[in-house]
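Since the structure comes first, as structure tokens, the remarks are kept for the end.
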Amino acid sequence: MRIALFEPEIAGNVGAVLRLGACMGAAVDLIEPMGFAWDDRRVRRAAMDYINHVTVTRHAGFDAFANTIGAQRLVLFTTKSTHSVYEFAFRPDDILLFGKESAGVPQAIADACHARVRLPMRPQVRSMNLATCTALALGEALRQTETLPG
1 MRIALFEPEI AGNVGAVLRL GACMGAAVDL IEPMGFAWDD RRVRRAAMDY
51 INHVTVTRHA GFDAFANTIG AQRLVLFTTK STHSVYEFAF RPDDILLFGK
101 ESAGVPQAIA DACHARVRLP MRPQVRSMNL ATCTALALGE ALRQTETLPG
């Protein structure tokens, strides 16, 4: 299972996702450009020493990333989907794709995904934090595929 972040904008979110990847055994792909410098101290502060326990791959853009996924299924998490993450059947080699915090992904990238799902939430709110969404999504995907660590 892999996590892919499309043009992430907040260093603390990326750090938290790196720590999540380390704890859960999921590699993390970062699709540039990012909204901060990679050496931003906020990434390290959020990831702490866990950053040494996760495989991180940076990609120059979506096309460069897409060239690395082969036959793996790309599952986009978006508030624009009507399909619940809890009714979707994950596979162990899925790549969970999350858009940038301010705007998600462009339509062309959404169209390139094999599936689009959403995390259910109350209609009075717009969206959850990127790191929170990633944790909920990865937890469900690993649970379904019986690949939770430990």
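Numbering (this note's numbering), first residue to last: 1 to 150. Even glycine gets a Cβ: it sits at the ideal position worked out from N, Cα and C.
On a Cα-Cα basis, can you pick out the residue from the options that is closest to residue i?
| i | options | result |
| --- | --- | --- |
| residue 67 | 112, 37, 36 | 112 |
| residue 28 | 41, 150, 134, 39 | 134 |
| residue 123 | 102, 23, 82, 10 | 82 |
| residue 143 | 43, 90, 10 | 90 |
| residue 130 | 141, 103, 150 | 103 |
| residue 36 | 121, 13, 49, 73 | 13 |
| residue 17 | 54, 128, 59, 33 | 54 |
| residue 61 | 128, 96, 30, 19 | 30 |
| residue 7 | 63, 50, 132, 45 | 63 |
| residue 159 | 105, 76, 109, 110 | A query on residue 159 cannot be resolved here, the shown segment of the chain reaching from 1 to 150 and no further. |
| residue 141 | 23, 92, 78, 5 | 92 |
To the nearest angstrom, report how far apart residue i and residue j are at their CA atoms.
| i | j | result |
| --- | --- | --- |
| residue 56 | residue 138 | 16 angstroms |
| residue 94 | residue 80 | 20 angstroms |
| residue 43 | residue 52 | 12 angstroms |
| residue 9 | residue 25 | 23 angstroms |
| residue 147 | residue 107 | 31 angstroms |
| residue 41 | residue 34 | 14 angstroms |
| residue 58 | residue 32 | 7 angstroms |
| residue 149 | residue 126 | 32 angstroms |
| residue 132 | residue 98 | 11 angstroms |
| residue 136 | residue 23 | 14 angstroms |
| residue 96 | residue 45 | 24 angstroms |
Tell me whether residue i is buried or exposed, calling it buried when 16 or more other Cβ atoms sit within 10 Å of its Cβ.
| i | result |
| --- | --- |
| residue 100 | buried |
| residue 48 | exposed |
| residue 21 | buried |
| residue 121 | exposed |
| residue 163 | Nothing in the structure corresponds to residue 163, since the chain is present only between 1 and 150. |
| residue 19 | buried |
Next item on the list: Entirely within the region 43 to 83 and at least 3 residues each: give me those beta strand (DSSP E) ranges in chain order.
Entry: Within the region 43 to 83, complete beta strand (DSSP E) segments of at least 3 residues are found at 56 to 59, 74 to 77, given in chain order.
Next item on the list: Determine, using beta-carbon pairs with one atom in the region 113 to 126 and one in the region 83 to 96, whether at least three such pairs fall under 8 angstroms.
Entry: These segments touch.
Note to self: In chain order, what are the residue ranges of uninterrupted alpha helix (DSSP H) at least 4 long that sit wholly in the region 4 to 37?
What the structure shows: Segments of the alpha helix (DSSP H) lying fully in the region 4 to 37: 11 to 24.
Check: Where in the region 104 to 143 do unbroken runs of the beta strand (DSSP E), each at least 3 residues long, occur, reported from the N-terminal end onward?
Finding: 115 to 117
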